[in-house]
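Peer 1: Dropping the structure in here first, questions after.
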Amino acid sequence: MNFILSETEKLLQKTAREFADNHLRPEVIERDKNAEFPAEQIKMMGDLGFMGMMISEKYGGSGMDTVSYCIALEEIAKADASSAVIMSVNNSLVCQLIEKHGTEEQKQNFLSKLASGKWLGAFSLSEPQSGSDASNMRTFAKKEKDHYIINGTKNWVTNGISSDVVLVMCLTEKNVGYNGITTFIIEKGTKGFSTGKKEDKLGIRGSDTCELYFDNCKVSEKNRLGEEGNGFKIALSTLDGGRIGIATQALGIAKESLDRSVSYANEREQFGKKIGKFGAIKSKISKMAINIDAARLLIYRAAKMKDLGLSFKKEAAMAKSFASKIAMEAATECVQIFGGYGYVRETGVERLIRDAKITQIYEGTSEIQELVIAREILGGNI
Ligand code: CAA
């Protein structure tokens, strides 16, 4: 076990930090205010190899491990949590799913474009009536000869508007529960497939989220990802990896909260001294620092287990549950330390609270993470 980053990992961290400081941080308040997608920045992230970090170089990826992905993603999330979720979804939920379950033809046609950052992908599991109870979906894909006809509505799709392809989970057989769910790769522009309005969100406002509509949408069976009926398990196992990404997004938000708090505590004076000299502020800063280190260790453990091919479902859920909780706490304490200055948009710290909140909700709420952890510990389907 090694707790120290290697020289290669340090270089990756430096590259990601410099990119984030130079290209994400400068306009982040404006993008948040205007709910503007960072299109240009995401293209640059593709050029840096950040959009398919764990994908083999053969398919346009960077061939790195999950720990390296987390190192880079934390730096992106520190500067801009919206860019971090765009990166996380493309890497963890889209590219990894296709690399693991796609045919060679699907990898050539889709993965190489997605992993190199030429295209952007989205992952669509939820529906208006099925969020945590994800298998209770209604969108139906009816098999006809060599294609499927898809009808239904999906929602909460991150990258839904800006993406070129979406991985969509649909029912292909009714009354058999999760064994009737199948995954499809659906390209934008396919007849019968349209997107809804961009959701007006509390946080991660730079990323786009929308509904997807399928109205007699014809999709070739060549676009079916994996076997019929295997789509739910594919989605859940992919989400295990996705949860490491969201935990890392939360970690970045928490670290930014700490760094901003430390700078302010060393600069702001009250009662004739820097506020960092007061015990109340020292206590907040030290609690944040302990939590951040603990979250990072949980994340690296899950990432390392994934890289070693071990089961990491419980560890990923632990990392996400803890990191999202401490991100919310750190962001709230950061605003508290800034006082009135933290409550206005221009200092850029109120955004940290708004961005942190979603990490307790998407890719499985904190309550679902606890359910996953408890099931793994206690056994059985409690
Ligand atoms: N990997 C592989 N297979 C898995 C699995 C995993 N992690 N977890 C469960 N399975 C298998 C089970 O073994 C079972 O198969 P068998 O019967 O053959 O053993 C099958 O899948 C069904 O599992 P469960 O009985 O546990 O299913 P459940 O209906 O009780 O639900 C749940 C489990 C944990 C609640 C799950 O529905 C869940 O995680 N819900 C949250 C949904 C979620 O995370 N949504 C995120 C949306 S995507 C998103 O947010 C992306 C974004 O935009 C940022």
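For the sequence shown, our numbering gives the first residue as 37, with consecutive numbering after it.
All C-beta atoms, glycine included, are put in the ideal place defined by N, C-alpha and C.
To the nearest angstrom, how far is the alpha carbon of Asn-191 from that of Asp-169?
Peer 2: Locating residue 191 in the sequence shown gives position 155, where the first residue counts as 1. Locating residue 169 in the sequence shown gives position 133, where the first residue counts as 1. Those two C-alpha atoms are separated by around 14 Å.
Peer 1: Tyr-398 by DSSP, collapsed to three states: which one?
Peer 2: Within the sequence shown, residue 398 is the residue found at index 362, counting from 1. It is coil, neither helix nor strand.
Peer 1: By alpha-carbon positions, which one of Gly-138, Ser-152, Ser-171 and Gly-232 ends up nearest to Leu-203?
Peer 2: Here residue 203 corresponds to residue number 167 of the sequence shown, with the count starting at 1. The residue with the shortest Cα to Cα distance from Leu-203 is Gly-138.
Peer 1: Suppose the cutoff is 6 Å on Cβ atoms and the five residues either side in sequence are ignored; what does the same chain contact list for Ala-392 look like?
Peer 2: What you label residue 392 is simply residue 356 of the sequence shown in a count that begins at 1. Only residues of its own chain outside the window of five on either side were considered, and among them Ile-289, Ala-363, Met-364 and Ala-367 have a CB closer than 6 Å to the CB of Ala-392, listed in chain order.
Peer 1: Excluding the 5 residues preceding and the 5 following Gly-85 in the sequence, name in chain order all residues of the same chain whose CB lies nearer than 7 Å to its CB.
Peer 2: As a working mapping, residue 85 is identified with position 49 in the sequence shown. So the list reads Ser-98, once near-sequence residues are dropped.
Peer 1: Measuring straight from C-alpha to C-alpha, what distance separates Leu-129 and Ser-104?
Peer 2: Counting from 1 along the sequence shown, the entry for residue 129 is found at position 93. Counting from 1 along the sequence shown, the entry for residue 104 is found at position 68. Roughly 17 Å between the two C-alpha positions.
Peer 1: Using 8 Å as the threshold, is the region 278-289 in touch with the region 168-184, meaning 3 or more CB pairs across them?
Peer 2: Inter-segment contact for the region 278-289 and the region 168-184 is absent: fewer than three beta-carbon pairs are separated by less than 8 Å.
Peer 1: How is Met-87 classed by DSSP in three states: helix, strand or coil?
Peer 2: For the purposes of this step, residue 87 is identified with residue 51 of the sequence shown, where counting begins at 1. Of the three classes helix, strand and coil, the one that applies to Met-87 here is coil, per DSSP.
Peer 1: Tell me which same chain residues have a C-beta within less than 6 Å of the C-beta of Arg-387, skipping the five on either side of it?
Peer 2: As a working mapping, residue 387 is identified with position 351 in the sequence shown. Taken in chain order, the residues that qualify are Asp-68.
Peer 1: For the region 225-269, list the alpha helix (DSSP H) runs that are entirely contained and at least 4 residues long, ordered along the chain.
Peer 2: none
Peer 1: Going by DSSP in three states, Asn-191 sits in which element: helix, strand or coil?
Peer 2: Here residue 191 refers to the residue found at position 155 of the sequence shown. Strand.
Peer 1: So, is Ala-331 buried or exposed, given that buried needs 16 or more other C-beta atoms within 10 angstroms?
Peer 2: Counting from 1 along the sequence shown, the entry for residue 331 is found at position 295. It counts as buried.
Peer 1: Going by alpha carbons, who is nearest to Gly-262 out of Met-80, Thr-226, Asp-295 and Gly-216?
Peer 2: Your numbering for residue 262 matches position 226 in the sequence shown. Answer by Cα proximity: Gly-216.
Peer 1: So the alpha helix (DSSP H) Ala-158 belongs to, where does it begin and stop?
Peer 2: As a first step, residue 158 must be located in the sequence shown, where it is residue number 122. It is not in any alpha helix (DSSP H) - Ala-158 instead sits in the beta strand (DSSP E) that spans 157-160.
Peer 1: Could you please give the first and the last residue of the uninterrupted alpha helix (DSSP H) stretch that includes Leu-48?
Peer 2: The count along the sequence shown starts at 1 and reaches residue 48 at position 12. Residues 43-55.
Peer 1: Within the present structure, is the beta-carbon of Leu-150 separated from the nearest heavy atom of the ligand CAA by less than 7 Å?
Peer 2: Residue 150 sits at position 114 when you count from the first residue of the sequence shown. Leu-150: no, Cβ never under 7 Å from the ligand CAA.
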